[in-house]
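Number of protein chains: 2
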Amino acid sequence: MIDVVLADDHPVVRAGLRAVVDGQPDMRVVHETGTAEDLLAWLDDGGRADVVLLDLRFGDAGPGGTRLGGAEATGTVVHRHATPVLVVTTYGTDADILAAVEAGATGYLLKDAPTEELARAIRSAAAGEVTLGADVQRRLLGRMRSPGEALSARELEVLRLVTAGRSNDAIARELFVSVATVKSHLAHINTKLGTQSRTEAAAVARERGML
Amino acid sequence: MIDVVLADDHPVVRAGLRAVVDGQPDMRVVHETGTAEDLLAWLDDGGRADVVLLDLRFGDAGPGGTRLGGAEATGTVVHRHATPVLVVTTYGTDADILAAVEAGATGYLLKDAPTEELARAIRSAAAGEVTLGADVQRRLLGRMRSPGEALSARELEVLRLVTAGRSNDAIARELFVSVATVKSHLAHINTKLGTQSRTEAAAVARERGML
DNA sequence: CCCACGCTCCACCTTTCGGACGATGCGCCG
DNA sequence: CGGCGCATCGTCCGAAAGGTGGAGCGTGGG
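Which chain is which? The protein sequence lines are G and F, in order. Quick note: the first sequence, position 128, residue 137 per the numbering used here, numbers continuous. Quick note: the second sequence, position 72, residue 81 per the numbering used here, numbers continuous.
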């Protein structure tokens, strides 16, 4: 019998995952929670599970400011509690997936996956095998083809402001640097992303979820 | 007994909605589908329901190109079959909500709504009452405060390409017009949106879900 | 009928952006 | 220590974008 924990802040989705799990003869839900903090507290409190089903978008637009994110929660669960984490989310950007995989997620599925695939993924995760949805694998391959060097912290900051629609002058004033510096960063950003202009860089940033 | 139809392309979410509905003594699921076409076919075929629970994001990133959208499906169901539609979606942008309401949706909820609120909304919808989640009401009020004139079809087309990171020259070639025309459209867009530059317009467009 | 209005189209001029150099100081690592 | 990457600043110049003004052209109201 596979013991499953559900961690998703959408009650409806939790109910759906529970229905899927309960529909399988070889697994059951042993805990259900809507926040990452609660999940960790339960595990710290001696809770045992074979698999944790976790929504990567934990804490998005939380009322009390930024809470614990899904990626951090994944890392903690995997490393501190040695429990496989199967990430199940709705709209996965490249960065989301990468974050989950890097954090040690055992699998990654989109919520539009059929129930059989989900059940199979849970069994694989419980067995310690890594499974990625077909969609996810395709995305990762796409990333491999165009590696795209990592941006520095400062460059990311500039890119964020560019994405928000600020001009070079506005960015310069906001970061207390000269316009020349902003342009320099932007030039590096365009080189690294393989883009030709600020707007194209912004588009790529959004697509890859680099915000 | 309230007869409910579930229309959502995410199997997990469908299962969740079914669990919520089945958990209520006064309602039941009479049909379940993953595509808008199937929903309409079922209704055309004589299917009767008191409420349709519908995901607005029907047909996003469908494999076979663009399929029937959630807003269109809403309009058809409401007008042709005189059946109340309760829209339940994950991330609602202003434009999504507006589209649903304009299409005649009886209610609009986000999927992170608690189950009791969902059950209440279903009963209200079955009774013909209009209910909008608190979150949704707040968004609509926000829109009222800053009306933002509507963009023409051509302007929207240009805005879409701008958001994709294209240059004026590229847009001009793509739309078979001169660069001057593209700039003119862009100027109007900036006036209507109250923005100062193409990137800022792109940012606003994303925020308001005008894609 | 005609005029106003919105959409589409375009040209001229100014500002901004992007590319291509180069240059400095700083921290890190073999 | 000597590279190496990062962040910071500068100049010059061509290209792109933005501002202003205006011209056709349908649709609908007076």
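Just so it is clear, CB atoms sit at the ideal spot from N, CA and C, and this is done for glycine as well. The model shown is predicted, which means the values in this text are computed figures rather than measured ones.
Contact annotation: the region 31-49 of chain F does not touch the region 202-217 of chain G, with fewer than three C-beta pairs closer than 8 angstroms.
Around the beta carbon of A159/G, a 10 Å sphere encloses fewer than 16 other beta carbons of the protein chains shown; the residue is thus reported as exposed.
Of all residues in the region 194-218 of chain F, those with a C-beta nearer than 9 angstroms to a C-beta of chain G are T204, Q205, S206, R207, T208, E209, A210, A211, A212, V213, R215, reading in chain order. Residue pairing by DSSP places L26/G opposite no residue, since no beta bridge is assigned to it. By the neighbour-count criterion, in which a residue is buried when 16 or more other Cβ atoms sit within 10 angstroms of its Cβ, A135/F is buried.
The C-alpha of L62/G lies about 32 angstroms from the C-alpha of T140/F.
Of S161/G, V21/G, V22/G, M10/G, the smallest CA-CA separation from V60/G is found for M10/G. Between I131/G and V14/G, the C-beta gap is not smaller than 9 angstroms, which leaves the two residues out of contact.
Only residues of its own chain outside the window of five on either side were considered, and among them D12, V13, V14, A58 have a CB closer than 7 angstroms to the CB of V39/F, listed in chain order. D12/G is bridged by DSSP to R37/G. The beta carbon of L127/F sits closer than 9 angstroms to some beta carbon of chain G. In the DSSP secondary-structure assignment, L119/G is bridged to T98/G.
Contact check for A162/G against A211/F fails: the beta carbons are separated by 9 angstroms or more. V97/G is the residue among V97/G, P123/G, E125/G, N199/G whose C-alpha sits nearest the C-alpha of T115/G. Contact of S176/F with chain G by beta-carbon distance below 7 angstroms involves S206. Per DSSP, the continuous beta strand (DSSP E) segment holding L63/F begins and ends at 60-63. Cα atoms of A173/G and K192/G: separation of roughly 16 angstroms, rounded to the nearest angstrom.
Distance between G84/F and A108/F, taken at the CA atoms: about 10 angstroms.
Counting along the chain, R66/G sits inside no alpha helix (DSSP H), nor does DSSP assign it H or E at all.
When Cβ-Cβ separations below 9 angstroms define contact, L26/G makes contact with chain F. Looking at the backbone, the Cα of L52/G and that of D18/G are separated by about 17 angstroms.
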